[in-house]
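Reviewing the structure listed below.
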Amino acid sequence: EAHRILVWIYGDYVLSETTCRGWFRRFKNDDFDVEDKERSGAPKKFEDEDLEALVDEDPCQTQNELAESLGVDHTTVAKHLKALEMIQKQ
Numbered sequence: 001e002a003h004r005i006l007v008w009i010y011g012d013y014v015l016s017e018t019t020c021r022g023w024f025r026r027f028k029n030d031d032f033d034v035e036d037k038e039r040s041g042a043p044k045k046f047e048d049e050d051l052e053a054l055v056d057e058d059p060c061q062t063q064n065e066l067a068e069s070l071g072v073d074h075t076t077v078a079k080h081l082k083a084l085e086m087i088q089k090q
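Numbering (the UniProt record's numbering), first residue to last: 1 to 90.
As structure tokens, this is what we get:
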């Protein structure tokens, strides 16, 4: 219900229903911190700003060249480019 109201008020620029449910679960347990908790797993290898800077420096680079510069697999670069709504040749 709360998520539906948030969507009605803020439109498409609102948190997901899953996130909303998670927050309410935390609130119910007296945890009012809405920041993400630390998770296990590999740390992020680079920031989106690093990728954007490389693309700005030379927009003609391939995904493989960008990946080599960042020290990651080209599929990682492809995922980030898609998330950033940037188009690069492969």
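For every residue, glycine included, the Cβ atom is placed at its ideal position computed from N, Cα and C.
C-alpha gap between residue i and residue j, whole angstroms
{"i": "Q63", "j": "E1", "result": "43 Å"}
{"i": "D48", "j": "E35", "result": "20 Å"}
{"i": "V77", "j": "T18", "result": "27 Å"}
{"i": "R26", "j": "F32", "result": "7 Å"}
{"i": "P59", "j": "K28", "result": "49 Å"}
{"i": "T75", "j": "D12", "result": "28 Å"}
{"i": "Q88", "j": "I9", "result": "Residue placement at Q88 is flagged as unreliable, the pLDDT there being 46, under the threshold of 50; a coordinate-derived value is accordingly withheld."}
Helix, strand or coil at residue i according to DSSP, with G and I counted as helix
{"i": "G11", "result": "coil"}
{"i": "V77", "result": "helix"}
{"i": "V72", "result": "coil"}
{"i": "D33", "result": "coil"}
{"i": "D50", "result": "helix"}
{"i": "E65", "result": "helix"}
{"i": "K82", "result": "helix"}
{"i": "D56", "result": "helix"}
Boundaries of the alpha helix (DSSP H) in which residue i is found, first to last residue
{"i": "F24", "result": "17-28"}
Beta-carbon contacts of residue i that lie in its chain and below 6 Å, excluding the five residues immediately before and after
{"i": "S69", "result": "L54"}
{"i": "E38", "result": "none"}
Own chain residues within Cβ distance below 7 Å of residue i, not counting five before or after
{"i": "D73", "result": "A67"}
Cβ-based neighbour list, residue i, same chain, cut-off 8 Å, excluding 5 preceding and 5 following
{"i": "V7", "result": "V14"}
{"i": "F24", "result": "A2"}
{"i": "L84", "result": "D48, L51, E52"}
Contact belief for residue i with residue j at Cβ below 8 Å, rounded distance in angstroms
{"i": "G22", "j": "K45", "result": "Not really, about 26 Å apart at Cβ, beyond 8 Å."}
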